[in-house]
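Residues in the sequence shown are numbered from 141 upward in steps of one, following our numbering.
Positions of the beta carbon are idealized from the N, C-alpha and C atoms, including for glycine.
Nothing here was measured: the structure is a model prediction, and the numbers come from that model.
Worksheet for the structure shown next.
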Amino acid sequence: MSKYFCFNNFLLLIILFSCNTPSKNNLEIIIPPESSENRTLSTLVREVQFRPLTGDPKLIPFEADRIDFSEVLIVLGDFTFSQFVYAFEKETGKALEIPLKKGEGPQEVRAVNDFWLDGDMLYVLDGIGRKIVPFSYSSGTFQQLEDIKLDVPFRRFAKTKTGFVGLTGGGQENALAFLDETGKLISAHLPNSIEFLLSPPNPFHKLVDGNEVQVLFNSSFNPEIIRVDNGVVEPFSSMEYEGELVKKPTNTNFVQDQSGFNQYRETLRNQPSFFSIFETTPEQFIFLYFIQDSPRLALSSEGKGSTFLFENLKNDLSFENQPFPKVTGVNGSRFAALVSTDQLNRDDPAFAGSALEKAILANPDALVFVLEFELNVE
Numbered sequence: 141m142s143k144y145f146c147f148n149n150f151l152l153l154i155i156l157f158s159c160n161t162p163s164k165n166n167l168e169i170i171i172p173p174e175s176s177e178n179r180t181l182s183t184l185v186r187e188v189q190f191r192p193l194t195g196d197p198k199l200i201p202f203e204a205d206r207i208d209f210s211e212v213l214i215v216l217g218d219f220t221f222s223q224f225v226y227a228f229e230k231e232t233g234k235a236l237e238i239p240l241k242k243g244e245g246p247q248e249v250r251a252v253n254d255f256w257l258d259g260d261m262l263y264v265l266d267g268i269g270r271k272i273v274p275f276s277y278s279s280g281t282f283q284q285l286e287d288i289k290l291d292v293p294f295r296r297f298a299k300t301k302t303g304f305v306g307l308t309g310g311g312q313e314n315a316l317a318f319l320d321e322t323g324k325l326i327s328a329h330l331p332n333s334i335e336f337l338l339s340p341p342n343p344f345h346k347l348v349d350g351n352e353v354q355v356l357f358n359s360s361f362n363p364e365i366i367r368v369d370n371g372v373v374e375p376f377s378s379m380e381y382e383g384e385l386v387k388k389p390t391n392t393n394f395v396q397d398q399s400g401f402n403q404y405r406e407t408l409r410n411q412p413s414f415f416s417i418f419e420t421t422p423e424q425f426i427f428l429y430f431i432q433d434s435p436r437l438a439l440s441s442e443g444k445g446s447t448f449l450f451e452n453l454k455n456d457l458s459f460e461n462q463p464f465p466k467v468t469g470v471n472g473s474r475f476a477a478l479v480s481t482d483q484l485n486r487d488d489p490a491f492a493g494s495a496l497e498k499a500i501l502a503n504p505d506a507l508v509f510v511l512e513f514e515l516n517v518e
């Protein structure tokens, strides 16, 4: 079955796993004003680059839920289809083998639910197995280190200065937990409620600004972003819409099932909700939100930008049947998405002569490309 990520499946994934959003402007996320224009994506981006990924097809993903970069590595995680993590040399795009095996054994994982790249260390989350598997990287080779057993189950996680932080699962009383380097519980926060029934695809975001690395956390319905890299909960940003701060939900006392979720969302129909931080750089952000069940895409650069209805966007950038590339990471000042060559609309008249077609012709052996770009919005 094709792993084609059409727009309907994209929305379904959001509904299944949930979502949220950011950018900074005096510690406030300013949702840009809505535009009624019809726009092609090529007019909204700059510094576009298509990076080919090559090697053994078994070592190449056709879908990515997270993309991250170090000085020497590109790492991609597919937590939906293959449930695996993939690595490439940053300079050449050549696939590297990670000695990670699926199974029930002591050196194996039952699932791959997330990863975090920290310099030459790669941490892989096995949420079902309730452990983190570390790998060290040097000179083209990964070495698997001793598993880190977790005191509490994680659905998604990040590395902090004191250990790890994770969005919990398995009926925990609190939604956010800090663990030390050995996996022992330090503290737990944010009482679990209907707000956390759905897990955002990437609730933890790495914001690199110069030499400072910040880790931000978002939920799907709380219009606040918190900072967690210091091992404590720190306010980072609120959210502003049409000149007013978006209100926090005051009633989350709903049964945690589909009917309760529908009732909960109904109370938020008239304000932005169901947030999804696609990604953020120090100067720009891409942000999906819903209002009255209608998805809107906010694009912001240095405090300026526009919000677009999905139906008003034409994807002449990655030529997939979705209105915007599935951005799941950043590389410096550029956003990153995965483009699979078997998922393209090559019949689009704009495809002929496009930057993507030129990249494919120049790299005929590449099955996928990492698309990188900056926003060009006013």
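| Asked | Found |
| --- | --- |
| Residue range of the alpha helix (DSSP H) that includes Ser-399 | 398 to 406 |
| Three-pair Cβ contact test at 8 Å for the region 248 to 255 versus the region 216 to 230 | yes |
| Neighbourhood of Ala-204 by C-beta distance below 7 Å, restricted to the same chain and skipping five residues each side | Leu-216, Gly-217, Asp-218, Thr-468, Leu-478 |
| Alpha carbon of Phe-275 to alpha carbon of Asp-266, nearest angstrom | 13 Å |
| Given 8 Å, three or more beta-carbon pairs between the region 329 to 339 and the region 273 to 289 | no |
| Nearest-angstrom Cα separation, counted from Thr-302 out to Ala-499 | 42 Å |
| Cutoff 6 Å; reference Val-188; Cβ partners in own chain excluding five residues on either side | Ala-495, Phe-513 |
| Touching by the beta-carbon criterion (3+ pairs, under 8 Å), the region 400 to 416 and the region 427 to 443 | yes |
| Simplified DSSP state of Ser-182, which is helix, strand or coil | helix |
| Own chain residues within Cβ distance below 7 Å of Ser-278, not counting five before or after | Asp-260 |
| Inter-residue Cα distance where the pair is Ser-399 and Glu-406 | 11 Å |
| Whole-Å CB distance - Gln-424 paired with Leu-307, under 8 Å assumed | Contact flag wrong, Cβ pair sits at about 25 Å. |
| Limits of the beta strand (DSSP E) - the one that Ile-365 falls within | 364 to 367 |
| Three-state class that DSSP yields for Asp-258 in the structure shown | strand |
| Cβ contact check for the region 224 to 243 and the region 189 to 199: 3 or more pairs under 8 Å | yes |
| Opposing strand residues paired with Ala-476 [DSSP bridges] | Gly-469, Glu-512 |
| Outcome for Asn-402 when other beta-carbon atoms lying within 10 angstroms are tallied against a minimum of 16 | exposed |
| contact_flag[the region 340 to 351, the region 390 to 397] where n(CB pairs < 8 Å) is 3 or more | no |
| Residues that DSSP places opposite Thr-447 in a beta bridge | Glu-174, Ala-438 |
| Rounded straight-line distance, which links the Cα of Pro-389 to that of Lys-271 | 33 Å |
| Cβ-based burial, Leu-167 [other Cβ within 10 Å; buried from 16] | Bear in mind that the predicted position of Leu-167 carries a pLDDT of just 46, short of 50, making it unreliable; the figure below should be weighed with that in mind. Result: exposed. |
| Gly-354 versus Arg-409: straight-line alpha-carbon distance, rounded | Looking at the sequence shown, residue 354 is not Gly but Gln. Using only the alpha carbons, I get a separation of about 32 Å. |
| Opposing strand residues paired with Val-249 [DSSP bridges] | Lys-242 |
| Cβ shell of Leu-184 (< 7 Å), same chain only, five flanking positions each side left out | Leu-439, Leu-515, Asn-516, Val-517 |
| Those residues which DSSP pairs with Gly-383 across a bridge | Gly-383 pairs with nothing; no bridge assigned. |
| Limits of the alpha helix (DSSP H) - the one that Leu-501 falls within | 495 to 502 |
| Per DSSP, the bridge partner or partners of Arg-296 | Leu-307 |
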